[in-house]
Every structure is written in C-alpha cells, then in structure tokens.
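Chains A and B, in that order, are what the protein sequence lines are.
Convert by adding 551 to the 1-based position in the first sequence; the result is the number in this note's numbering.
Convert by adding 161 to the 1-based position in the second sequence; the result is the number in this note's numbering.
Okay, so here's the structure we're looking at.
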Amino acid sequence: MSKLIRFELRKIFTTRLTQIALIAVLLLSVLFSFSTYQNKYAFDGVSNEGTGRTAVEIDKSMAAKYEGILTDEKVQQMMSDLVPKSDSHGLNAIYIYRNAMQSAVAARFSDINGNWNGLSVSDVFGKEEIKIGYVDGWLSTSQNIAKVFFILSLVIIIMIAPVFSAEYGGVDNIILTSKYGKTKCATAKVIAGIFAVLMVTAFVAVINILIGFLLYGSKGLDCSILFAPLSFVEGYIPFNITCGTLLKYQIILAFTSAISVAGFTLILSAVCKNQMVALVASATVHVLPIMLPVAETSTLFRFIVLLPLYHSQFLSIMSVEQINGGMLYAIWAIPSALAFLMIGCIASRKAFAKHQVS
Amino acid sequence: MELTTIELTKQYGSKTAVNHLNIALSNGVYGLLGANGAGKTTLMRLLCAIQTPTSGKIILNGKSIVGLGEKYRSLLGYLPQHFGYYPDFAALDFLLYVAALKGLNEKTAKRKSEDLLESVGLSAESNHKIRTFSGGMKQRLGIAQAMLNDPHILILDEPTAGLDPKERVRFRNLISAFSKDRIVILSTHIVSDVEFIAEKIIMMKSGQIIHFGKPHEITSEIDGQVWECSVPTNRAEQYTATLNISNLRNEENGCTVLRVIAEDTPIANAVKVQPNLEDLYLFYFKGENDR
Ligand SMILES: Nc1ncnc2c1ncn2[C@@H]1O[C@H](COP(=O)(O)OP(=O)(O)OP(=O)(O)O)[C@@H](O)[C@H]1O
Ligand SMILES: [Mg+2]
C-alpha cells in the first residue's frame, strides 16, 4: 500500500500544471505581503513620516505609548494627542489617515470635526475588555492570507482534478484490470491526494505566517481586532478576539477549505471523462456559490458559509455568531469539511471502480 | 481452468457490439480474428471486467467473475489495443508501478520487470523515459506489463500492431513458451501471427462467433474454393475489381499470379490450391468492415 501511495504522490507532484500552480501560490504569497508592507504609510503628527519599514516603525512606537486595556482616559488622551482638528479641510475626521492608532481611535470615538463624539468605551464595546496595541501588521497579513488561501483552493483543484481523471487517458485499461486496481489503488489515490493537500496547505500557511513574523514581529498578536484602523472596522468580524485567535481560525479554515475542496474534487475527478473536464467542473462547483443571492441575515446563510469558498474568505463565516466560551460559529467548518472529505473518499473510490473503459 | 461466456451481450445505444455470445475457453492459445468493428476489443474488455455487459455473464471455473473480484484480476493479464502511459516514467518504473498494482512484492517485482524487459528487447532502454519510445517500443512495454504477474488468463488486443518482423517473431516465441497451462487470447489482423501459434481460431463478425476451431479444421470449410491463376499484369487490376483476391504476385515475364477465392473456376487456367487462414478471413470479410 505505501508503495502505491508513493507512486500516486509522485504522479501528483510531477504534473507540470501542479508545479506551476504551486510556484505561483508561493510567489503570490511573497508578492502580496511585501507590496502591502511597502504601501504602509504613517505620520506621527509631528515630524516623522514615511512608508514601508519607516511606517511600521512609527506605528509600532505610537502603539507602544498606549498599549494595554482600553480605558476612557486612554481614549481622551489619544483623541487629543493624535486626532487632527485643524487641517481637516472639510473632510470627515474619521476618514483622515495619519497612522494606525489615530485611525483606530478616530473610527470609534471621533465626530466629523475630530472632536470626541461623547461615547465611552463601554458605549462602544459593552462589557468587553479591549486590549489595544499594534494590530495593523497582523490584520493586513490576515487579509493577504485570505487571498492566498483562496488561490490555494484553486491550486488544490488543479492538484486533485487529475488524480482519477488523468488515468482515463488510457492507463485506466491497465490499472482496472490489475489485482488491486479497483481496490487498493483507488484507496491509495484518495490517501495520496489528501496527504498532498494537507502538506501543501501546511506549507503555504507556514510560509505566510513566517513572512508575517518577518515583517511585523510578534507584537499585537495578543491584542483585540476590534480596536483597529478604519478599514478593519466596517464589515469586519464583530467579536472581541485577538489577532492571534483570528489567525488560528484562518489557518483552521484554510485546512477545512482544503479538505472540503479535495473531497468534492475527488468525486468529480472520478466521474469526469478527462482531466480538463474534471478541472473546469470542480472550479465551477467551488466558485459558483458566490453567485447565490442569499442575504447575510437569512438562516440559509449559516449553511452557505460552510461551503469551502467561504472558509478562506473568512469574514462571512467568522461573523455569524460567537458561541459559548469565546468559540466562533466558524468551528462548524471542521465537521462540515470532514463530511465533504468522507463523502469524497467513498464516492470517488466507488466511481473509479465502476468506471467503464472506452 | 475454464472461462465461459453465457449469452454475453454488450450494446452501445442501438449498436450491438457483442451479441449473445457463447464460448468456452480452456487452456490454450486462441487467435481472435474479425474485421474492424467486429467486436473483438469489446469482447476482450468484457472478459477483463472493465466494461459491464448489457446482459449475459462470464464464468470462471463455475463462478461469476463479478463475484471473484480481486481473485479474478490476480489471474489476469491484459494488453489493451490502445493504452496510455506516464510519459515521465522510465520503462522500469512503469513496470514497477504495474507490479505494485498487481500486488507483487518488491523483490519479485524488480526481478520480473527486468526479466520481461529482457524478453521484449527493452533492457537497454529500461531507464529511458517512455516519452522517448517509438510506437513499437511502447507496444512491447505493454506486452511486458501484461505478463508481470504470470497471468493464467492473458488477453492481448492486437499485440503485434506496430512490431517489426523481427519483433513479431520474438513475440510469437515468447507467447509459445509462455502459454503452457494458460488461456491466451490474442486478436490480430495479421493472420500469419496466429496461424502457427494459435491452437484455436475464433472468427468474429458483427459481435458473434462465426467460426471456432483448429486452424486446419476451419479452413477446410473453403476447401476447393481457393484458386491460383496467372494473368497478364496489365489486366490484373481489372480482375481485382471483380474477383475476391487474397493475394497477388508479379512475375518477371509480365504476368501476375492471382490467388482467388471463388466457388467456381474464376479464370480458365486456374488451379485449386490448399486454403489457408487468410483465405478464410477474406472469404468471410471480403475487405468489408462492420463499422
Ligand atoms: N465506447 C463505445 N461507444 C459506442 N460504440 C462503441 C464503443 N466501443 C465500441 N463501439 C462500437 O462497437 C463495435 C465493436 O467495436 P470493437 O472496438 O469491439 O471492434 P474491434 O473488433 O475491436 O475493431 P478493430 O479491429 O477496429 O479494433 C463497433 O461498431 C464500434 O463502433
Ligand atoms: Mg479492437
């Protein structure tokens, strides 16, 4: 059996298209991270201004001043230290961006003129204890990871679509007449496919997290995602979790997405006539739910977000609800992915064994 | 070992490729002859259980092959008429992969693969990628792959297609030596390939068996209907258009010797000759095909 699995892994990783796709996802990971980093901008309100590394350093040093639990005193201090009142040129003060801390406090506590809007911490966040700090770097990383993981799900389709269907180009004759062709070989294909998917997902996740550490360090991982620059406030996850927790969920969701995609792609691979059809069919099945006109408030939405497309696009699934003990609804992605996988394994093996050679 | 088909039928839509076919095969070499589209490949696929019959069944030693599953397939070796391969695998790797599929242990797999590459004349190329192989080399690799598990039932679909004469002879010798106590079925259009090694000939037409027997037995059917005659070369073409010619040979004196299949004397000076399988084949198929 292990011999058969090794042969299947070799077939998966020696496919030219798969190799190209894997290189592409790695290059994109690097590209997204570094371009986001380069585009960072910050101005400390006095003299220091810059992009890229300078910006990150300014943001980090500003954050260091106010680190800790968010209190009403801190809000007042930040409002007076950071939020400009004179040079708004008629622009709503909330939308003025000088640095991450300024944007964060303005987003929640400023009126259009840059004055305090009168809300207290508990008015905005309820009883939640909000730990503040430098979260901008990891939140950007998180956004990039979402893009990378979506691309990864397509790469996984490229990897898995040929697992059975490539044999239909003529080797099926030989495989299906051999002793283990309809049994152990089909199992080996499924195991190799899942193993390959898990390996690749782990690899891509590790690379992206490493790049995150390289660019932003470990600062901010224990801080709340709720006190963040304006772009992370509107339509973002409304729960008081830390950046570290956010990333943990995203990585879990990357894996659940990967194995769910592997599950249905295996089935399509076994039933489609050739690898091109399997590839196109799988990609369509994967992406199509984006067209579904389901409102976020509808109960159906809770089920739709369990589709793998929404795992990598973590915002929807992570915004559904917070269940007991700080756990998010998104945790349901795990049983759902296992179901996809189980059905995929069983159905694809059956379909391959029944395949009619022609 | 006895392999039997009972009322075996395979339909593709309205086309019946194999039609209520009954045959009992015991150990020996069988030559399967038939025009294009006669149903040879379909019959072989059914025997290999890679197509499900529309009706009827296949029985090995009293048991349906459907129920035998792995047990049946472990006895089986199959060379498809057309097959795929992994272009980036070396010949030896490919055989090792098939050996793993056939459940051979590592040592046996290696030994058998190397032996067979030797037998089909590919040992020098064993580490070359299959994408660099010529058609005939791929075909020989296909033959080697079919024999890896010393199959008791060896099914070869046009094994000599693409082989040069030297390789055809090598193949015939390989099969003759291998076939003892086994069922070997091979289809071909080159009648001479089976004339000498096949103990029995199966002739198929429109999905049915029209002849089954030893080569000399079945040729006796057309005893007295094969003629040879000499005609001027410039008129030979005219005769080929009207007569069923199985062979034609130009002589130096401006004459052509025609081998004609006909019930009565086709041309005045014709003499009767001993029929061979090719004559019989032409007698039945007259250049037509079933497609
Ligand atoms: N997958 C298929 N779908 C539809 N019709 C098919 C299929 N396979 C075979 N046929 C038809 O069944 C008939 C028998 O085909 P088969 O391939 O068995 O012939 P054959 O004797 O092997 O011919 P050849 O000498 O050309 O290899 C043909 O008429 C063919 O068109
Ligand atoms: Mg054929």
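Just so it is clear, CB atoms sit at the ideal spot from N, CA and C, and this is done for glycine as well.
Would you call the CB atoms of residue i and residue j closer than 8 Å?
i         : j         : result
Val387(B) : Asp440(B) : yes
Ala533(A) : Val675(A) : Not covered by the structure: residue 533(A). The range shown for chain A is 552 to 909.
Val699(A) : Asn759(A) : yes
Ile346(B) : Ile316(B) : yes
Phe481(B) : Thr349(B) : Because chain B spans 162 through 452 in this model, residue 481(B) falls outside it and cannot be assessed.
Thr970(A) : Ala805(A) : The shown model of chain A, from 552 to 909, leaves out residue 970(A), and the question about it has no answer.
Ile802(A) : Ile788(A) : no
Glu356(B) : Leu438(B) : yes
Thr170(B) : Thr215(B) : yes
Glu618(A) : Ile683(A) : yes
Gly192(B) : Ala307(B) : no
Val908(A) : Tyr767(A) : no
Val190(B) : Ser340(B) : yes
Leu241(B) : Ile291(B) : The identity of residue 241(B) in the sequence shown is Pro, whereas the question assumes Leu. Going by C-beta atoms, Pro241(B) is not nearer than 8 Å to Ile291(B).
Ala644(A) : Pro780(A) : no
Ile422(B) : Ile383(B) : yes
Leu705(A) : Ala834(A) : yes
Helix, strand or coil for residue i, going by three-state DSSP, please let me know.
i         : result
Phe357(B) : coil
Asp318(B) : strand
Val432(B) : strand
Ala614(A) : helix
Ile211(B) : coil
Ile803(A) : helix
Leu839(A) : helix
Ser340(B) : coil
Asn759(A) : helix
Leu577(A) : helix
Ala423(B) : coil
Val784(A) : coil
Asn334(B) : helix
Val845(A) : coil
Ala261(B) : helix
Ile571(A) : helix
Ala251(B) : strand
Ser586(A) : helix
Ile894(A) : helix
Would you mind reading off the limits of the alpha helix (DSSP H) that contains residue i?
i         : result
Glu624(A) : 623-633
Leu860(A) : 859-863
Leu555(A) : 553-565
Phe676(A) : 672-676
Ala285(B) : First-last for Ala285(B): undefined, no H or E at that position.
Arg234(B) : 231-234
Tyr445(B) : 438-446
Ala305(B) : 296-308
For a contact defined as C-beta to C-beta under 7 Å, what are the partners of residue i on chain C?
i         : result
Gly786(A) : Protein chains in the displayed structure are A and B, and chain C is not among them.
Looking at the unbroken beta strand (DSSP E) that takes in residue i, where does it start and where does it end?
i         : result
Trp388(B) : 387-393
Ala593(A) : 592-594
Lys273(B) : Element bounds for Lys273(B): not the beta strand (DSSP E) but the alpha helix (DSSP H), 267-280.
His181(B) : 176-187
Lys171(B) : 163-173
Thr602(A) : 600-602
Ile696(A) : Unbroken run through Ile696(A) is the alpha helix (DSSP H), 687-711; no beta strand (DSSP E).
Tyr648(A) : No beta strand (DSSP E) holds Tyr648(A); DSSP gives it neither H nor E.
Val908(A) : It is not in any beta strand (DSSP E) - Val908(A) carries neither H nor E in the DSSP assignment.
Val722(A) : Premise fails: Val722(A) is in no beta strand (DSSP E) and is neither H nor E.
Tyr239(B) : 237-240
Val345(B) : 344-348
Which residue or residues does DSSP assign as beta-bridge partners of residue i?
i         : result
Phe852(A) : DSSP lists no partner for Phe852(A).
Phe373(B) : Ile363(B)
Lys224(B) : Leu221(B)
Arg410(B) : Val418(B)
Thr793(A) : Ser775(A)
Gln873(A) : Leu879(A)
Lys682(A) : Ile620(A)
Lys735(A) : Partner(s): none; Lys735(A) has no beta bridge.
Tyr191(B) : Ile346(B), Lys361(B)
Asn405(B) : Ile422(B)
Ser661(A) : Trp667(A)
Relative to ligand 3, is the shortest distance from any of its heavy atoms to the C-beta of residue i smaller than 7 Å?
i         : result
Ser381(B) : Ligand 3 is not part of this structure, which contains only ligand 1 and ligand 2.
Checklist entry - Just the residues with CB closer than 7 Å to a heavy atom of ligand 2, in chain order, which are they? => result That gives Lys201(B), Thr202(B), Gln242(B), Asp318(B), Glu319(B), Ser348(B).
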